[in-house]
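**Q** Residue numbers (mature numbering (1 follows the signal peptide of the UniProt record, and there is no 0)): -20 to -1, 1 to 481.
All C-beta atoms in this analysis are idealised placements derived from N, C-alpha and C, irrespective of residue type, glycine included.
It should be emphasised that the depicted structure is a prediction, and the values quoted were computed from it without experimental measurement.
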Ligand SMILES: *[C@@H]1O[C@H](CO)[C@@H](O)[C@H](O)[C@H]1NC(C)=O
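1. Helix, strand or coil: which one does DSSP assign to residue 7?
2. Per DSSP, which residues does residue 446 bridge with? Please list them.
3. Looking at the strands, I want to know which residues DSSP matches up with residue 29.
4. For residue 335, which residues from the same chain have a beta carbon less than 8 Å from its beta carbon, with the 5 sequence-adjacent residues on both sides left out?
5. Starting from residue 148, follow the alpha helix (DSSP H) in both directions and report where the run begins and ends.
6. With a threshold of 7 Å, establish whether the CB of residue 323 neighbours any heavy atom of ligand 1.
7. Out of curiosity, what's the CA-to-CA distance linking residue 87 and residue 231?
8. With DSSP run on the structure shown, which of helix, strand or coil describes residue 120?
9. Beta-carbon separation of residue 349 and residue 418 under 8 Å?
10. Ignoring anything shorter than 3 residues or poking outside the stretch 264 to 323, list the beta strand (DSSP E) runs there in chain order.
11. Beta-carbon separation of residue 6 and residue 38 under 8 Å?
12. So for residue 91, helix, strand or coil by DSSP?
13. Grab me the residues of residue 226's own chain with a C-beta within less than 8 Å of its C-beta, minus the 5 sequence neighbours each way, in chain order.
14. Whole-angstrom Cβ separation of residue 325 and residue 297, contact assumed at under 8 Å?
15. Go to residue 383, then tell me how far its beta strand (DSSP E) extends in each direction, as first and last residue.
16. When the distance is taken between beta carbons, is residue 415 closer than 8 Å to residue 429?
17. For ligand 1, is there a heavy atom less than 7 Å away from the beta-carbon of residue 327?
18. For residue 85 and residue 63, I'd like the C-alpha separation in whole angstroms.
19. Mind checking residue 420: buried by the 16 CB within 10 Å criterion, or exposed?
20. Quick one: using the 10 Å Cβ neighbour count with 16 as the cut-off for buried, is residue 265 buried or exposed?
21. CB-CB under 8 Å to residue 81, same chain, minus the five flanking residues each way: which ones, in chain order?
22. Mapping DSSP to helix, strand and coil, what is residue 207?
23. Could you work out which residue in 144, 246, 220, 254 is closest to residue 187 when comparing CA atoms only?
24. What residues sit near ligand 1, counting only those whose C-beta is closer than 5 Å to one of its heavy atoms, in chain order?
25. Tell me which residue opens and which closes the alpha helix (DSSP H) that residue 250 is part of.
26. In chain order, what are the residue ranges of uninterrupted alpha helix (DSSP H) at least 4 long that sit wholly in the stretch 163 to 218?
27. Looking only at its own chain, which residues have a Cβ that is under 6 Å from the Cβ of residue 193, when we skip the five neighbours before and after it?
28. Starting from the Cα of residue 340, find the closest Cα among 383, 422, 45, 195 and give me that residue.
29. Buried or exposed for residue 295, please, with buried defined as at least 16 other CB atoms from any protein chain shown within 10 angstroms of its CB.
30. Rounded to whole angstroms, what is the Cα-Cα separation between residue 406 and residue 288?
31. Note down the Cα distance separating residue 185 from residue 323, rounded to an integer number of angstroms.
So this is what it looks like as structure tokens:
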């Protein structure tokens, strides 16, 4: 690789390319020069590239051309070779090549979201160089309102410097997210039904516009913009999922396979979303791509459209009957009932076994309270998954453990149990399989998680140490072969669809 590059350098020198490179309008930067360069130039587009990357090679002539045409406007184009400047690229979170970022000083960085053609780069950067707030008049306002899905227009008195500065600051920060305009004509404000200082957010969906009349405070305005710009019925997807989870209020999912159907159901259920605004979030979800997530909500994953509410704090699921049709009235009643606490959460459970076949007590979600939370007994529970290899390896030892307790004087005080956590909703947070926990008699709220090696002896010791009855069994003669510690050998819980979202 190295001498290949050297050979290329020689060829380039011979052909006279070396001197041509010196004339490039693209500034090649390094760890040492980057900081000063973005400080010295108000507006810089930087390309983070790798010499071997095909897309970078395709971009190179376009980038050169744009650099030349932007030169006279004093907009600088730079590039950083990430194979040489790994730390610098890491600092800016570069994960793929090429990565293009717009710098307005070292602190204000935003991704370049335009196309990778000379003309597009030029026009994008020229726009970036224009003021973040467009000054509007009675004539230009109307068109501006619909220039994007969300636009913010501030109505400010010409001499109100403070409000102007606050708004301009926000506009500079969020210029890639929203379009910003300013009006300093009191007549125009009046025609819009506001009095300066005020902000009107115009949007192409829901109620069409929202008004901000409070004192101009950057945080308050940003919060207002965020809320107002979020559609009443949004969409759950990889970018939005964590936001919905972080919102803390229940999330109502509308699963549908086509865009058309999502739009139709979204607008049909909109009045319900409106009524429960701030209490329950509503969002559609693409059932073609994320249909498996329906399973996490105890919905069938092969029958759409469907509807479910997730109580995020308690991780409870409220699936809407999949045999019933999704109509405004049916969902309105369902949501009302949910909100009034009249609907029981759905709990996935295997049927309660009629008889316990082996020495290990089989627990299912429906019998969990009766068995695991039996206050008179020390209950050891193994949470397992059928596909988990470590669980299979543990199985004979676990049965041996159960047999020993069943045949001992502790048989009425100690229960050795297992639950298939893939088929039963359990209240415990399970990180990996197998997870083994002891629920001591008289103290069911403080289960102890087992992290020792998976031998019969060590499990007995654990029960004797942490259980209420200190129920020990003297060791048998034969030795168990050494087994790995539970923590070392635990298998990651299979990624659920929600993690992919
Ligand atoms: C805000 O201040 C700038 C700079 O003084 C000015 O050009 C602009 O017209 C003002 N905006 C409004 C809406 O008054």
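**A** Looking at the coordinates:
1. The sequence position of residue 7 within the chain shown is 27, counting from 1. DSSP places residue 7 in strand when its eight states are reduced to three.
2. By one-based count along the chain shown, residue 446 stands at place 466. Secondary-structure assignment with DSSP links residue 446 through no beta bridge to anything.
3. For the purposes of this step, residue 29 is taken as the residue at position 49 of the chain shown. 61, per the DSSP bridge assignment.
4. Working through the chain shown from its first residue, we reach residue 335 at position 355. Result list for residue 335: empty, nothing under 8 Å.
5. Translated into the one-based positions of the chain shown, residue 148 becomes position 168. Residues 141 to 154.
6. Along the chain shown, read from residue 1 onward, the residue named residue 323 stands at position 343. Flag unset: Cβ of residue 323 not near ligand 1.
7. Taking the first residue of the chain shown as 1, we reach residue 87 at position 107. Taking the first residue of the chain shown as 1, we reach residue 231 at position 251. For the pair residue 87 and residue 231, the Cα-to-Cα distance works out to about 35 Å.
8. For the purposes of this step, residue 120 is taken as residue 140 along the chain shown, with counting starting at 1. Note: residue 120 maps to helix in three-state DSSP.
9. Numbered from 1 along the chain shown, position 369 holds the residue referred to as residue 349. Numbered from 1 along the chain shown, position 438 holds the residue referred to as residue 418. No; because the gap between Cβ atoms is not below 8 Å, this pair is not in contact.
10. 286 to 291, 296 to 299, all fully within the stretch 264 to 323.
11. Along the chain shown, one-based indexing puts residue 6 at 26. Along the chain shown, one-based indexing puts residue 38 at 58. Not in contact: residue 6 and residue 38 (Cβ atoms no closer than 8 Å).
12. To locate residue 91, count along the chain shown from 1; it is residue 111. The answer is strand: DSSP assigns residue 91 an E or B state.
13. Within the chain shown, the letter at position 246 stands for residue 226. None.
14. Your numbering for residue 325 matches position 345 in the chain shown. Your numbering for residue 297 matches position 317 in the chain shown. The Cβ separation is near 6 Å, so the contact holds.
15. Sequence index remark: in the chain shown, residue 383 carries index 403 (1-based). Per DSSP, residue 383 belongs to no beta strand (DSSP E); it is in the alpha helix (DSSP H), 369 to 386.
16. Within the chain shown, the letter at position 449 stands for residue 429. Within the chain shown, the letter at position 435 stands for residue 415. Yes.
17. Numbered from 1 along the chain shown, position 347 holds the residue referred to as residue 327. No - ligand 1 has no heavy atom lying nearer than 7 Å to the Cβ of residue 327.
18. Here residue 85 is taken as the residue at index 105 of the chain shown, counted from 1. Here residue 63 is taken as the residue at index 83 of the chain shown, counted from 1. About 24 Å.
19. Indexing the chain shown from 1 puts residue 420 at position 440. The residue is buried, with at least 16 neighbouring Cβ atoms inside 10 Å.
20. Working through the chain shown from its first residue, we reach residue 265 at position 285. That one is buried.
21. Locating residue 81 in the chain shown gives position 101, counting from the first residue. For residue 81, where only same-chain residues beyond five positions count, the Cβ hits under 8 Å are 25, 26, 28, 72, 89, 90, 91, 92.
22. Here residue 207 is taken as the residue at index 227 of the chain shown, counted from 1. In the structure shown, residue 207 sits in a helix (DSSP, three-state: H, G or I).
23. Position 207 of the chain shown holds residue 187. Among 144, 246, 220, 254, the Cα nearest to that of residue 187 belongs to 254.
24. 115, 136, 144, 162, 164
25. Taking the chain shown and counting its residues from 1, one reaches residue 250 at position 270. First-last of the alpha helix (DSSP H) with residue 250: 239 to 255.
26. If only uninterrupted alpha helix (DSSP H) runs of at least 4 residues are considered, those enclosed by the stretch 163 to 218 are 166 to 171, 198 to 209.
27. Position 213 of the chain shown, counted from the start, is the residue given in the question as residue 193. 178, listed in sequence order.
28. In the chain shown, the residue the question calls residue 340 occupies position 360. Ranking 383, 422, 45, 195 by Cα distance to residue 340 puts 383 first.
29. Within the chain shown, the letter at position 315 stands for residue 295. That one is exposed.
30. As a first step, residue 406 is located in the chain shown; it is residue number 426 there, counting from the start. As a first step, residue 288 is located in the chain shown; it is residue number 308 there, counting from the start. In a straight line, the C-alpha of residue 406 is about 19 Å away from that of residue 288.
31. Within the chain shown, residue 185 is the residue found at index 205, counting from 1. Within the chain shown, residue 323 is the residue found at index 343, counting from 1. The straight-line gap from Cα to Cα measures roughly 32 Å.
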